[in-house]
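J.: 545 is the number of the first residue of the sequence shown in the working numbering; add one for each residue after it.
Using N, Cα and C, we set each Cβ at its ideal position, and we do this for glycine too.
Values in this document were obtained by computation on a predicted structure and should not be read as measured data.
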Amino acid sequence: MSFEIEQEYYVPPDVLFNTFTDAHTLTRLSRGSLAEALIILSHSSALPNFSACHLSDLRVGGKFSLFSGSIYGEYVEIEKPQKLVQKWKFRDWRDADYSQVSFEFIKVQENHTLLKLKHENIPLTNKFNEGL
C-alpha cells in the first residue's frame with residue numbers, strides 16, 4: 545500500500561527540512577518525551593549500535609525515532625534542504641517489514657515551500673495478522 549500527499553507551508557525549505565530532522569522538534573511534534581524516547585532507543589534490540597545521544601542521527605544510515613519509539617528507522621537519502629528519504633518501521637510490524645517515506649521540499653517562493661510526501665511499501669497486516 546502507498547499514498548502521496550502535498551501540502552504548502554509558509555516557511556523556507558530549510559526550516560521545514562529541519563522540522564523533520566531535529567531531535568527536539570521531532571519529539572515535540574510526535575508528543576513524545578525526549579527522555580522516554582532516548583531510553584527506548586538505547587535499549588532497543590531493533591536498533592543495534594544506536595547511541596542514546598541521537599534521537600535523530602542525520603546521516604545516511606543514521607537512525608531516528610518518533611512517537612516514543614512506536615516508529616523508528618533510518619535515513620536512506622539526504623539532500624539538505626531539498627529531499628529526505630527514510631526507511632520506517634512500526635513497532636508492531638513483522639521483523640522484515642519496512643516502508644519508505646520520501647519528503648521533497650520544493651521552494652515555491654521566498655518563505656513558501658511545497659512539501660511532497662510519498663509513503664510506499666506499507667504492509668497490509670501487522671505481526672499479529674491484523675489489518676492496519
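(1) With distances taken from CA atoms, which of Ser-643, Gly-606, Val-559 and Thr-565 is nearest Thr-669?
(2) Over what stretch of residues does the beta strand (DSSP E) that includes Thr-657 continue unbroken?
(3) Apart from the five residues just before and just after Ile-666, which ones in its own chain have a Cβ nearer than 6 Å to its Cβ?
(4) Is the beta carbon of Phe-647 closer than 8 Å to that of Leu-658?
(5) Can you give me the Cβ contacts of Ile-620 inside the same chain, cut-off strictly under 8 Å, excluding the 5 residues immediately before and after it?
(6) Whole angstroms is fine: what's the gap from Ser-614's alpha carbon to His-568's?
T.: So, from the listed chains and residues:
(1) Ser-643
(2) 656-664
(3) Met-545 and Ser-643
(4) no
(5) The question names Ile, but residue 620 in the sequence shown is Val. So the qualifying residues of the chain are Val-604, Val-629, Gln-630, Lys-631 and Gln-644.
(6) 16 Å
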